[in-house]
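In what follows, a structure is listed as structure tokens, so that the remarks can point back to it.
Numbering (my numbering), first residue to last: 1 to 275.
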């Protein structure tokens, strides 16, 4: 089960958690380099790159944690999965020594990237599944992909799955900001406004220096205007006048909002945890 470190709670689909039940599973927090290190992690064990299982056959690891550890987090996943499956008597198959693991989560959390990373790390081979910055790159359950020789383990990439109905608007906005929902379905300007509100609320004022503002802003228009001017985001608009049509160059606030969102997703505005 894959989630993002900067939305450790909103990035989980309750339906998937319920479907897992008592099945052995591991929670992997990806994109930890984008999360605020000052914020309390989703659990003390996950925050410390914990490797272990509980009575329910679960474990958690935290990707990109900057903490001292005897074993790098990227090397913990496969041994932990193998041990959890082996210790689950209900799912133990003595006649088969291979492991077939399903990688699940909401869209754009890095499921395909995780598979490619493990394959490159353990087998020294190139990527086997397509990745992208937009949700919906993986459109169907793919064939299994080998990521380890000892133990022999295959991972299956799956499309991201969102809940049929989100619990509240704020959860939806967080998912949209992290790219789990297509921008046009929410609106770039609405998302940019919510992002500015979140940055100010958490006193993350990195955008002030990046865009050359004099001070933090409570309104999104001055920020987008500054971004549009700095990036040359303009558009030609035809205005109807009494003497005919006149072409006027205007600032493209939608393109500026998209740039604002991209900077956040790339970590250029600082490390921010939305939950």
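A virtual CB, placed ideally from N, CA and C, is assigned to each residue, including glycine.
Fully enclosed alpha helix (DSSP H) runs of no fewer than 4 residues occupy 169 to 177 and 183 to 186 of the segment 150 to 187, in order along the chain.
Here residue 228 is buried. Its C-beta has 16 or more other C-beta atoms within 10 Å. Contact holds between the segment 172 to 190 and the segment 255 to 273, because three or more Cβ pairs, one in each stretch, are under 8 Å apart. DSSP places residue 104 outside both helix and strand once states are collapsed to three, so it counts as coil. Measuring C-alpha to C-alpha distances from residue 80 to each of 234, 28, 262 and 217 identifies 28 as the nearest.
At a Cβ-Cβ threshold of 8 Å, residue 153 and residue 176 do not count as neighbours. One thing to note: residue 171 has its Cβ within 8 Å of the Cβ of residue 10.
Using a 10 angstroms sphere on the CB of residue 238, the tally of other CB atoms stays under 16, which defines it as exposed. Only residues of its own chain outside the window of five on either side were considered, and among them 13, 14 and 15 have a CB closer than 8 Å to the CB of residue 163, listed in chain order.
Going by beta carbons, residue 156 and residue 84 fall outside the 8 Å limit.
Take the alpha-carbon of residue 146 and the one of residue 23: they are about 21 Å apart.
Proximity to residue 204 across 271, 235 and 222 peaks at 271, based on C-alpha coordinates. The DSSP-derived three-state label of residue 35 is coil. C-alpha of residue 265 to C-alpha of residue 178: approximately 7 Å in a straight line. Distance check between residue 77 and each of 167, 217, 197 and 151 places 151 closest, using alpha-carbon atoms only.
Contact check for residue 210 against residue 263 passes: the beta carbons are separated by less than 8 Å. Bounds of the alpha helix (DSSP H) holding residue 208 are 206 to 210. DSSP, read as helix, strand or coil, puts residue 146 in strand. Sequence-distant partners of residue 98 (beyond 5 residues in either direction) whose C-beta falls short of 6 Å from its own C-beta, in its chain, are 152. Rounded to the nearest angstrom, the gap between the Cα atoms of residue 31 and residue 250 is 37 Å. Between residue 39 and the set 21, 8, 19 and 18, the nearest pair of CA atoms involves 8. If you ignore the 5 residues before and after residue 1, its C-beta comes within less than 8 Å of the C-beta of 12, 16, 17, 20, 25, 26, 27, 28, 104 and 105, all in its own chain and listed in chain order. Contact between residue 33 and residue 206 is ruled out by a C-beta separation of about 15 Å, above the 8 Å threshold.
Per DSSP, the beta bridge partners of residue 236 are 249.
When secondary structure is reduced to three states using DSSP, residue 241 falls in the strand class. With respect to the 8 Å criterion, residue 193 and residue 220 are classified as neighbours on the basis of their beta carbons. Ranking 225, 230, 212 and 217 by CA distance to the CA of residue 197 puts 217 first.
CA-to-CA, the gap between residue 231 and residue 214 works out to about 18 Å.
Residue nearest to residue 234 within the set 222, 240, 243 and 248 is 248 (criterion: CA-CA distance).
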